[in-house]
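Engineer: Per the working numbering, the sequence shown runs over residues 123 to 468.
C-beta: ideal position from N, C-alpha, C; glycine also.
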Amino acid sequence: MMILINSVKCLNKWTNSNRIVRLFTNDSFNLPDRAFINIKGKDSKKFLQGICTNNVNLLVDKGDNIACAFLSTKGRIIADSFLHYLSTDNELPNILIETNKSFTEALIKHLTMYKLRSDVTISQSNDWQIKLTNNTIDKPKDVNSEDIRSKLLYHRVLTNNINTISSSDEINYLKYRYYNCIAEGLELLDQIPFEFNLDLLNYISFTKGCYLGQELIARTKFKGVIRKRLVPFIRSDLLSNNQSNQTFSTIDSNIISQLPIQSIDKVSNKLSIYLNDQIIGEVVSSVSDKSIGLVLIRLENINNLSFESSNRTVISDESSDIRVPVTVYRPVWWPQLDNNTGKPPI
123 MMILINSVKC
133 LNKWTNSNRI
143 VRLFTNDSFN
153 LPDRAFINIK
163 GKDSKKFLQG
173 ICTNNVNLLV
183 DKGDNIACAF
193 LSTKGRIIAD
203 SFLHYLSTDN
213 ELPNILIETN
223 KSFTEALIKH
233 LTMYKLRSDV
243 TISQSNDWQI
253 KLTNNTIDKP
263 KDVNSEDIRS
273 KLLYHRVLTN
283 NINTISSSDE
293 INYLKYRYYN
303 CIAEGLELLD
313 QIPFEFNLDL
323 LNYISFTKGC
333 YLGQELIART
343 KFKGVIRKRL
353 VPFIRSDLLS
363 NNQSNQTFST
373 IDSNIISQLP
383 IQSIDKVSNK
393 LSIYLNDQII
403 GEVVSSVSDK
413 SIGLVLIRLE
423 NINNLSFESS
433 NRTVISDESS
443 DIRVPVTVYR
453 PVWWPQLDNN
463 TGKPPI
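(1) Quick check on DSSP: helix, strand or coil for Ser-245?
(2) Can you tell me where the alpha helix (DSSP H) with Leu-153 in it begins and where it stops?
(3) CB-CB under 8 Å to Leu-360, same chain, minus the five flanking residues each way: which ones, in chain order?
(4) Just the C-alpha distance for Ser-407 and Leu-296, rounded to the nearest angstrom, thanks.
(5) How is the alpha helix (DSSP H) around Glu-227 delimited, first residue to last?
(6) Buried or exposed: Tyr-301, going by 16 or more other Cβ atoms within 10 Å of its Cβ?
(7) Reducing DSSP to helix, strand and coil, say where Gln-458 ends up.
(8) Count the other C-beta atoms from every protein chain shown that fall within 10 angstroms of the C-beta of Arg-349, then say buried if there are 16 or more, exposed otherwise.
(9) Ordered along the chain, which non-local residues of its own chain (more than five positions away) have a Cβ less than 7 Å from that of Leu-280?
(10) On the CB-based measure, 16 or more other CB atoms within 10 Å of its CB, does Ser-272 come out buried or exposed?
(11) Starting from the Cα of Arg-357, find the closest Cα among Gly-415, Ser-394, Ile-386 and give me that residue.
(12) The beta strand (DSSP E) that contains Glu-309, what's its start and end?
(13) If you compare alpha carbons, which of Asn-177, Ser-209, Asn-391 is closest to Ile-161?
(14) Report the three-state DSSP secondary structure of Ser-431 (helix, strand or coil).
(15) Do you know whose CA, among Leu-181, Tyr-325, Asn-212, lies nearest Cys-174's CA?
(16) I need the straight-line Cα distance from Leu-322 to Asp-211, nearest angstrom please.
(17) In this structure, does DSSP put Met-124 in helix, strand or coil?
(18) To the nearest angstrom, how far is the alpha carbon of Ile-424 from that of Asp-155?
(19) For Tyr-400, which three-state DSSP category applies?
(20) In chain order, which continuous runs of the alpha helix (DSSP H) of length 4 or greater are located wholly inside the region 279 to 360?
(21) Tell me, which residues are paired with Tyr-207 by DSSP?
(22) Closer than 8 Å is the cut-off here; do at least three beta carbon pairs connect the region 165 to 172 with the region 236 to 248?
(23) Below 8 Å on the Cβ atoms is my guess for Leu-493 versus Tyr-276; work out the distance and round it to an integer in Å.
(24) Residues in its own chain within less than 7 Å of Ile-293 by CB, not counting five upstream and five downstream?
(25) For Ile-468, tell me which candidate among Lys-345, Tyr-298, Ser-194 has the shortest Cα-Cα distance.
(26) Let me confirm a value: Val-290 is counted as buried when at least 16 other C-beta atoms fall within 10 Å, else exposed. Which label applies?
(27) Is Pro-315 buried or exposed, if buried means 16 or more other CB atoms sit within 10 Å of its CB?
(28) Over what stretch of residues does the alpha helix (DSSP H) that includes Ile-414 continue unbroken?
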């Protein structure tokens, strides 16, 4: 399978939006594939502070939450997570880890290995669910449910009112993730946090002090260069000529919400991206018809791509000559990046 990409020659020229993107008519749906692990005990914060990427001390009041990742000693992702603080002032500290179901077993093993003498208990919980909503009625009044990653994302409501996950929930969430360029689960396993935008989405504190895997993070942040980043793509025939011929810019969310996706089945074969026969990245995840997906691309090529017929980008699995035009576009939360370092300007 080969896919042509209409892309992009400018990384920094765009206008941010201060609105939440509305993707769906009901504006609320339950998140599939969520798993929950309870960390309870007087050492809960200290324990997690030493093994996750964000500052656990930000969890002060019941309902507070942060996004974070758990890393290997080499700084590679073991699991992406949210931490929810469930305790009131007079209760034993209780932090709920929310992660992808595919990480449950490995993450519990990881937590247990580094528990050592910490006064905490680690247990899996089946009592919770996450609802994504842009509907004011569904937002809780007593806690802040804003997605900590960006104010442009939907509210995330932690609830113990468990509902069956429907196929429409799964399809809506997949569209939401792809449109907002959010990788999760096995898409992130053993990957470098910066390349998958965890630094841009507030998963990482650069001031909290030492934690497992910090060496690579600190070295990249202060001295390194980020050469690749994750961006979303859409099949070009789903866009108007005007949109598909724009440089690296946002697209209308209604285009994504109206896609007739019937299944969350994903491409199983590996697709590489070529620019004039030179590999510039790879597809991380895509639905089976290649209509939308996520691609890890070298940032230098985002500046170099144009729409001239002689400068096409091709995604190929090296086993087929079929070509599908696609357009790489900018997520709504994407900040200005320095062309030389791949990081936000200081």
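Structural biologist: In short:
(1) strand
(2) For Leu-153, no alpha helix (DSSP H) segment is defined, and its DSSP state is neither H nor E.
(3) Ile-377, Leu-381, Ser-413
(4) 10 Å
(5) 226 to 237
(6) Sixteen is the threshold: when 16 or more other Cβ atoms of the shown chains lie within 10 Å of the Cβ of Tyr-301, as they do, the residue is buried.
(7) coil
(8) exposed
(9) For Leu-280, where only same-chain residues beyond five positions count, the Cβ hits under 7 Å are His-206, Trp-250, Ile-252.
(10) By the neighbour-count rule (16 or more Cβ atoms within 10 Å), Ser-272 is buried.
(11) Shortest Cα-Cα distance from Arg-357 to any of Gly-415, Ser-394, Ile-386 involves Gly-415.
(12) No beta strand (DSSP E) holds Glu-309; DSSP gives it neither H nor E.
(13) Ser-209
(14) Low per-residue confidence applies at Ser-431: pLDDT is 34, beneath 50, and the placement is therefore not dependable, though the value from the model is reported in the following sentence. If DSSP states are grouped into helix, strand and coil, Ser-431 belongs with the helices.
(15) Tyr-325
(16) 32 Å
(17) Residue confidence for Met-124 is low, a pLDDT of 40 falling below 50, so the modelled location carries little weight; the figure read from the coordinates is stated next. DSSP places Met-124 in strand when its eight states are reduced to three.
(18) So the alpha carbons of these two residues sit roughly 32 Å apart.
(19) Just to set this straight, residue 400 is Gln in the shown sequence, not Tyr. Three-state result, Gln-400: strand.
(20) Counting only runs of 4 or more, we get 289 to 301, 336 to 344.
(21) Ile-217
(22) yes
(23) Only positions 123 to 468 of the chain appear in the structure, and residue 493 is not among them; the question remains open.
(24) Cβ within range, chain order: Ile-383, Ile-386.
(25) Lys-345
(26) As written in the sequence, residue 290 is Ser, which differs from the Val given in the question. Around the Cβ of Ser-290, a 10 Å sphere holds fewer than 16 other Cβ atoms; the residue is exposed.
(27) The residue in question, Pro-315, is buried, as its Cβ has 16 or more Cβ neighbours within 10 Å.
(28) Membership of Ile-414 in any alpha helix (DSSP H) is not indicated; the residue belongs instead to the beta strand (DSSP E) covering 414 to 420.
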